[in-house]
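> For the sequence shown, the positions run 1 to 157 when the UniProt record's numbering is used.
C-beta atoms are modelled at their ideal positions from N, C-alpha and C, and glycine is treated no differently.
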Amino acid sequence: MKSSGCGKRIQAWAGGWGVGGGERFSLGCRFQGPWHPFVAQIPAKEKAKEGETVALNCQFHSPWGPSLSKLTVKWYKVDEKGQRDLLENNVTVLTNYSRVFIHGNLSQGDASLTILNVTASDHGIYFCQVTLSSGKVVMGSGTKYWPLSGEISHCLF
C-alpha cells in the first residue's frame, strides 16, 4: 500500500481483524491503492448472566462497501460439540435457536448478533463470516462467550 505524507510505519494486527498477510500501514495517513475486506469482532470475549441478553459485535469493511445484494452474512458457533451454523442472512438455520438474530445495520457494515435469554448451553466461540459475490469468504477471529453464574462459590481475601 502506498501512503502520502506518512512517517513511521507499523505492522497491522492481522490475526484479530482478518486482514491477512501482515500488510503494513501508517497511522494517521491517507492510503492509496487496493485494500482488502475484513471482518472485526471486538471484543474477543463477552460474559453475561444467565437470562440476560448479550450482543456480539461484527463489523464488516470492504473497498466496495457493504451491500445486501452482494454479500452473505453467516454466524456460527464452535463448542465441544463441534461447529454449528446459527444464522445465514438473519434466517435461523439451527433448530430451536430462535433466540438469536442480527441486530446490526448491514448496509453500514454492522452484522452484530444478539442472543436473548442466554443459558449455559450458549457458551462457545461465535464467528461472523461474510461471503462476497465473488465467492471470497472473509471472517472474524471469533468472540468467546460464556455465561456467568449468579452465585459466588468461593471468596478469597
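Starting from residue 143, follow the beta strand (DSSP E) in both directions and report where the run begins and ends.
Residue 143 -> beta strand (DSSP E) spans 143–148.
> Do you know how far the Cα of residue 39 is from the Cα of residue 24?
In this prediction, residue 24 scores a pLDDT of 36, lower than 50, which makes its location untrustworthy; the coordinate-derived value is nonetheless stated afterwards. Each residue's Cα considered, the two are about 17 Å apart.
> By alpha-carbon positions, which one of 36, 121 and 141 ends up nearest to residue 128?
If we check each option's Cα against that of residue 128, 141 comes out closest.
> Among all the DSSP beta bridges, which residues are the ones paired with residue 61?
According to DSSP, which records beta bridges pairwise, residue 61 is partnered with 38.
> Within a Cβ cutoff of 7 Å, which residues of the same chain sit near residue 99, ignoring the five residues on either side of it in sequence?
Cβ neighbours of residue 99 beyond the five flanking positions: 115, 116 and 117.
> Using DSSP with H/G/I as helix, E/B as strand and the rest coil, what is residue 111?
Residue 111: coil per DSSP, three-state reduction.
> Report the three-state DSSP secondary structure of residue 106 (helix, strand or coil).
Looking at residue 106 - three-state DSSP - the assignment turns out to be helix.
> Looking at the secondary structure, which residues open and close the beta strand (DSSP E) in which residue 85 lies?
Segment 82–88, the beta strand (DSSP E) holding residue 85.
> Who are the near neighbours of residue 137 in its chain, counting only those whose CB is closer than 8 Å to its CB and skipping five residues on each side?
Taken in chain order, the residues that qualify are 129, 130 and 131.
> Expressed to the nearest angstrom, what Euclidean distance is found between the alpha-carbon atoms of residue 119 and residue 112?
C-alpha separation (whole angstroms): 19 Å.
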